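Counted from 1, the sequence shown has number 26 at position 27 by numbering that gives the first Met the number 0; the numbering is strictly sequential. Glycine included, each C-beta is placed from N, C-alpha and C at the ideal position. Since the model is a prediction, treat every value here as computed from it, not as a measurement. Let me begin by presenting the structure, written as structure tokens, before commenting on it.
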Amino acid sequence: MAKKLECTAIQGNLLRTLWRMENIIKHVRELHNSHMGRMDTKPEWLMLEEFSKFIRSNPSAQAIRKRDDLLRKSGADFLRAREGIKAKVDEVEHLDSVVKKLKTSIQDTQKEKNQTETETTILRTEIRQLNQ
């Protein structure tokens, strides 16, 4: 179902683009016909400049340029965000390994403390027995 909707959307976009291109071609033909109908014909560069102005002022062309700019920017934003997330994941993994090492160190220290307390208790007991 989603593929049908996607195909329909793509077809709609293609039809709109085709319609725009037909309008542009129509405008170029009109410019050409008006150019050919004049006795004092404009130089070709001037006609091309007029066409360029038309394209720049065409709202659909502007919308397409804006869309392309937004896509480029959002793509760059996506890449930056992905790199930022990857850096955060790396940092969290590093901190996780540090925490595991610290827990192990705490456990080792606790074992040493317990062993020292046991030895101290044994030595105190021996001292009491010797003092008696």
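Fully enclosed beta strand (DSSP E) runs of no fewer than 3 residues are not present anywhere in the region 102 to 129.
Pairwise C-beta distances place the region 93 to 108 out of contact with the region 43 to 56, as fewer than three of them are shorter than 8 Å. Rounded to the nearest whole angstrom, the CA to CA distance from isoleucine 23 to alanine 80 is 39 Å. Taking 8 Å as the upper bound for CB-CB distance, phenylalanine 53 and histidine 31 are not in contact here, some 13 Å apart.
The shortest CA-to-CA distance from glutamine 61 to any of Arg123, Leu129 and Arg19 is the one to Arg19. DSSP, read as helix, strand or coil, puts glutamine 10 in helix. Taking 9 Å as the cut-off, the beta carbon of serine 56 is found no closer than this to the beta carbon of arginine 15. Between aspartate 68 and lysine 99, the alpha-carbon positions lie close to 46 Å from each other.
Glutamine 61 sits in a helix when the DSSP states are folded into three classes.
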